[in-house]
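These notes are about the structure you will find just below.
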Amino acid sequence: MGYQAINFKNKLGLFDEQWSPKVIAEMNDYQFKVVKIQGEFVWHDHKDTDETFIVLEGSLRINFRDGHVDLSEGEMYVVQKGVEHKPFAEHEAKVLLIEPRGVVNTGDETGTQTAENDVWI
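Be aware that the sequence shown starts at -5, since it is given in my numbering, and climbs by one per residue.
Printed below as a string of structure tokens:
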């Protein structure tokens, strides 16, 4: 068996589309996904799971109905299950998401920003 590190920059270089998370690894039932984001996302929540955002490059604001959190490169935030949120990035940000397998990026909301699920790169 060959052992090989997963390089975030290499994986992020394999696609250009935004708001379309790509799976790069799994641990138990959790997936590690890289995503490029810019602009506003939709208000949504994940009723059954928390969601972790780790900023690899750029900056990200996660808006909540009663406030927000600003994340810079090298910072992370865990959005608790059931909490409505709306990510935003003025300039392109590159983010690592950690969430259970099968989680749809827009939760129960569907629309143009709903990405195909479980796409591996």
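Every residue, glycine too, gets a C-beta built ideally from N, C-alpha and C. Here the structure is a predicted model, which means the values were calculated and not measured.
Cβ neighbours of residue i in the same chain (closer than 8 Å, five flanking residues each side left out)
{"i": "A83", "result": "I31, Q32, G33, G52, S53, L54, R55"}
{"i": "K16", "result": "K5, L8, F9, K27, V28, V29, V113, W114, I115"}
Reduced DSSP secondary structure (H/G/I, E/B, other) of residue i
{"i": "N99", "result": "coil"}
{"i": "K41", "result": "coil"}
{"i": "N57", "result": "strand"}
{"i": "L90", "result": "strand"}
{"i": "K5", "result": "helix"}
{"i": "W114", "result": "strand"}
{"i": "D23", "result": "coil"}
Buried or exposed (CB count within 10 angstroms, at least 16 for buried), residue i
{"i": "F58", "result": "exposed"}
{"i": "T106", "result": "exposed"}
{"i": "N22", "result": "exposed"}
{"i": "H85", "result": "exposed"}
{"i": "E110", "result": "exposed"}
{"i": "V72", "result": "exposed"}
Contacts around residue i, its chain only, beta-carbon distance under 6 Å, and the 5 residues preceding and following it disregarded
{"i": "I18", "result": "I0, K5, F26, V28"}
{"i": "S14", "result": "A109"}
Whole-angstrom distance between residue j and residue i, CA atom to CA atom
{"i": "D102", "j": "V89", "result": "22 Å"}
{"i": "G61", "j": "V77", "result": "12 Å"}
{"i": "M70", "j": "T100", "result": "19 Å"}
{"i": "D39", "j": "T104", "result": "12 Å"}
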